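Colleague: Residue numbers (our numbering): 4 to 162.
Beta carbons are placed, not taken as given, at the ideal position from N, Cα and C, and that holds for glycine.
Since we're looking at a predicted model, the values are computed, not measured.
(1) Taking only the alpha-carbon atoms, compute the straight-line gap between residue 6 and residue 46 and give it to the nearest angstrom.
(2) Can you say whether residue 147 is buried or exposed, counting buried as having 16 or more other CB atoms within 10 angstroms of its CB?
(3) For the putative contact between residue 108 and residue 97, defined by C-beta atoms under 8 Å, what is the C-beta separation to the nearest angstrom?
(4) Assuming residue 25 is part of the alpha helix (DSSP H), what are its boundary residues?
(5) If residue 75 sits next to residue 31, beta carbons under 8 Å apart, how far is it from one beta carbon to the other, in whole angstroms?
(6) Would you kindly check if the distance between the Cβ of residue 70 and the Cβ of residue 62 is under 8 Å?
(7) With a floor of 3 residues, list each beta strand (DSSP E) that falls wholly inside the stretch 83-112, ordered by position along the chain.
(8) Could you check which residue in 35, 129, 112, 29 has the C-alpha nearest to that of residue 95?
(9) Under 8 Å by Cβ, that's how I've got residue 34 and residue 79 pegged, so tell me the actual separation to the nearest angstrom.
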């Protein structure tokens, strides 16, 4: 039987909720299911998670829940890397892909990877976007300038 509780700091302005955002529920369910599928023993998970909490304590700018799931996700990444199912490069590429998805999502719309899933090398593409952004000083950062979509690299047939 797997049992877990989220300890709060007791701040009145910090509600006790299981998942603050959908990705937290997904990270929780993924770690649980991978253990149930036999990828790792739950005791391995507990040890990795405890080590992660010690190595990456709660930051001043985050709530207990934010820290908990940041640590949870980091522990999951660590275990997947230890089991050789995920490399550090995979993590960096996926982070870049999510960043690109954010940049290519209209304001007010949910961020989704489908907008950028065709990008073969998200890290290089993100670097180019950042260089373009900093090289052109004629645009506005005050929210009043009209944003125009920029072309991105498309590789047909890749998903």
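Modeller: Looking at the coordinates:
(1) Confidence is the limiting factor: at residue 6 the pLDDT is only 44, short of 50, which leaves the residue's position unreliable, though a coordinate-based value still follows. Approximately 12 Å, taken between the alpha carbons.
(2) Residue placement at residue 147 is flagged as unreliable, the pLDDT there being 45, under the threshold of 50; the coordinate-derived value follows with that caveat. By the 16-neighbour rule on beta-carbons within 10 angstroms, residue 147 is exposed.
(3) The pair is not a contact, with the Cβ atoms about 16 Å apart (cut-off 8 Å).
(4) That run of the alpha helix (DSSP H) goes 25-39.
(5) About 7 Å separates the CB atoms of residue 75 and residue 31; that is less than 8 Å, so the two are in contact.
(6) The answer is yes: Cβ separation under 8 Å.
(7) Within the stretch 83-112, no complete beta strand (DSSP E) run reaches 3 residues.
(8) Of 35, 129, 112, 29, the residue nearest in Cα terms is 129.
(9) That belief holds up - the Cβ atoms of residue 34 and residue 79 are roughly 5 Å apart, short of 8 Å.
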